[in-house]
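*Asks:* Structure in structure tokens, see below.
Numbering (full-length UniProt numbering), first residue to last: 1 to 390.
Given below as structure tokens:
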């Protein structure tokens, strides 16, 4: 499978290194750098949007509406969701509803640039077992029993959504083990399942969820539960730095082939990424995996976004291309997040489950534009300020 390696993603809360957060909370006399908004919203008209097919409109609207079960009490989307419940599955009715209830805003990056990076992700299926066997002996860990999670936002509101992960040693809270330590020494945690290949575990952590197919043909669905608090570092970057691969050649298949040719260096490769993801079992169903909004993702019509720019639950109008160059224009629902999905005009489109979805997702590294459809009368999101480039 010629899939491009995607950066670590997960559907819950982004963590920061322990020392980085603590250092950021201390005072000082350092002059504040000049800043600018991470992104801007440019008012647009419905007529300015690129045209979509009726089928894409119905599917995209359906994906967004499926999340309304989580948005009933939302001050921005609650009333719009209530009204959407009565809209028939008709492209004409949907268009009329959207124009009546939502305004259009184009996302703009620095220097008013409307273009950004659009990538893809998927739900992989890997062979494994519920118990250790000679073939399946790579543990997929659940949340460690001794990992302590600390929220600081009640004291430091600017750290909302940030959590410390650590372990108590005496009365001292120290950063939790990095991936290399966990791989070499193990961890005091339940084992969710066992895989046959350590590289599959790494790719599973990158995607954030997946399915494990056991020898009896059954599938176990697992999903992100937590993370060790260390920053994600792409293993593909390490291979480039080592001179093993060229940057443009970094794909999941290329990394897998390198690992097969260099089995003795796999621990070194995996240890280059200090982040480690822990999983939980999810009920199996015919629905997609659940994203950050805790609703099933819809293949082709759910996207992971940077929630600092695009609030979860938002309806977006996406204009980009598929890897083969054909146009891809459709409404998509912002229902997930990811560690590498950050920036002004940025989205990661969910493509579904299995190898075919992985091929499409892995090859997708396109330029695109995003418009946000926002309820009329609602204040636009407050976008954080970021430091100007030196």
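Glycine residues also receive a C-beta, built at the ideal position from the N, C-alpha and C atoms.
CA-CA distance, residue 383 and residue 276?
*Replies:* 29 Å
*Asks:* Which residues mark the beginning and the end of the alpha helix (DSSP H) in which residue 155 is found?
*Replies:* Here residue 155 belongs to no alpha helix (DSSP H), and DSSP marks it neither H nor E.
*Asks:* Give me the DSSP bridge partner(s) of residue 321.
*Replies:* 327
*Asks:* So, with DSSP's three-state summary, where would you put residue 395?
*Replies:* For residue 395 there is no data in the structure shown, the boundaries of the chain being 1 and 390.
*Asks:* Is residue 313 near residue 46, with beta carbons less than 9 Å apart?
*Replies:* no
*Asks:* Out of 230, 324, 252, which one is the CA nearest neighbour of residue 165?
*Replies:* Measuring from the Cα of residue 165, the nearest candidate turns out to be 230.
*Asks:* Hey, could you find the ends of the beta strand (DSSP E) residue 43 is sitting in?
*Replies:* 40-44
*Asks:* When every heavy atom of the ligand ADP is checked, does at least one fall within less than 8 Å of the C-beta of residue 108?
*Replies:* Inclusion of the ligand ADP in the displayed structure is not the case, the ligand content being empty and no account of it being possible.
*Asks:* Using DSSP's beta-bridge definition, name the partner residues of residue 371.
*Replies:* 106, 317
*Asks:* Using the Cα positions of residue 335 and residue 298, report the straight-line distance between them to the nearest angstrom.
*Replies:* 9 Å
*Asks:* Which whole-angstrom value is the C-beta distance of residue 130 and residue 193, which I expect to be below 8 Å?
*Replies:* 6 Å
*Asks:* Can you give the Cα-Cα distance for residue 338 and residue 245, rounded to whole angstroms?
*Replies:* In this model, residue 338 and residue 245 are separated by some 25 Å (Cα to Cα).
*Asks:* Report the rounded CA-to-CA distance for residue 375 versus residue 103, giving the unit in angstroms.
*Replies:* 6 Å
*Asks:* Cutting at 6 Å between CB atoms, please list the residues of its own chain near residue 307, excluding the five before and the five after it.
*Replies:* 337
*Asks:* So residue 181 is in the alpha helix (DSSP H); what residue range does that whole segment cover?
*Replies:* 179-185
*Asks:* Of all the alpha helix (DSSP H) runs that stay within the bounds of the region 84-133, which reach a length of 4 or more residues?
*Replies:* 91-101
*Asks:* With a 10 Å radius around its C-beta and 16 neighbouring C-beta atoms as the bar for buried, classify residue 225 as buried or exposed.
*Replies:* buried
*Asks:* Please classify residue 26: does DSSP put it in a helix, a strand, or coil?
*Replies:* Unreliable positioning characterises residue 26 in this predicted model, as indicated by a pLDDT of 46, which lies under 50. A coordinate reading is not provided.
*Asks:* Would you report the Cα separation of residue 50 and residue 318, rounded to the nearest angstrom?
*Replies:* 9 Å
*Asks:* Whose C-beta lies closer than 8 Å to the C-beta of residue 89 among residues of the same chain, with five residues either side of it excluded?
*Replies:* 58, 62
*Asks:* Is DSSP giving residue 248 helix, strand or coil here?
*Replies:* The DSSP-derived three-state label of residue 248 is helix.
*Asks:* Given residue 109, which residues of its chain have a CB within under 7 Å of its CB, disregarding the five upstream and five downstream residues?
*Replies:* Excluding residues within five positions, the ones whose Cβ falls inside 7 Å are 39, 116, 344, 345.
*Asks:* With DSSP run on the structure shown, which of helix, strand or coil describes residue 383?
*Replies:* Three-state DSSP puts residue 383 in coil, outside helix and strand.
*Asks:* Pop quiz: residue 271 and residue 180 are said to be a contact at Cβ under 8 Å. What is the actual Cβ separation, rounded to whole angstroms?
*Replies:* 3 Å
*Asks:* Do the region 129-147 and the region 182-198 meet, that is, are 3 or more Cβ pairs less than 8 Å apart?
*Replies:* yes
*Asks:* Taking all protein chains shown into account, decide if residue 370 is buried (16 or more other Cβ within 10 angstroms of its Cβ) or exposed.
*Replies:* buried
*Asks:* Can you say whether residue 326 is buried or exposed, counting buried as having 16 or more other CB atoms within 10 angstroms of its CB?
*Replies:* exposed
*Asks:* Go to residue 356, then tell me how far its alpha helix (DSSP H) extends in each direction, as first and last residue.
*Replies:* 355-363
*Asks:* Throw me the rounded Cβ distance for the residue 259 and residue 199 pair, which I believe falls under 8 Å.
*Replies:* 5 Å
*Asks:* What number of angstroms, rounded off, separates the C-alpha of residue 402 from the C-alpha of residue 278?
*Replies:* Past the edges of the chain, shown from 1 to 390, lies residue 402, and the structure says nothing about it.
*Asks:* For residue 237, report the span of its alpha helix (DSSP H) as first-last.
*Replies:* Where residue 237 is concerned, the enclosing alpha helix (DSSP H) stretches over 235-241.
*Asks:* Apply the 10 Å Cβ neighbour rule to residue 373 and answer buried if 16 or more other Cβ atoms are within range, or exposed otherwise.
*Replies:* buried
*Asks:* Taking C-beta to C-beta, are residue 368 and residue 122 nearer than 9 Å?
*Replies:* no
*Asks:* State whether the region 78-88 contacts the region 63-70, with contact taken as three or more CB pairs (one from each stretch) at a distance under 8 Å.
*Replies:* yes
*Asks:* Which two residues bound the contiguous beta strand (DSSP E) that contains residue 66?
*Replies:* Annotation: residue 66 is outside any beta strand (DSSP E); the continuous alpha helix (DSSP H) that includes it extends over 54-66.
*Asks:* I need the boundaries of the alpha helix (DSSP H) containing residue 200, first residue and last residue.
*Replies:* Where residue 200 is concerned, the enclosing alpha helix (DSSP H) stretches over 198-207.
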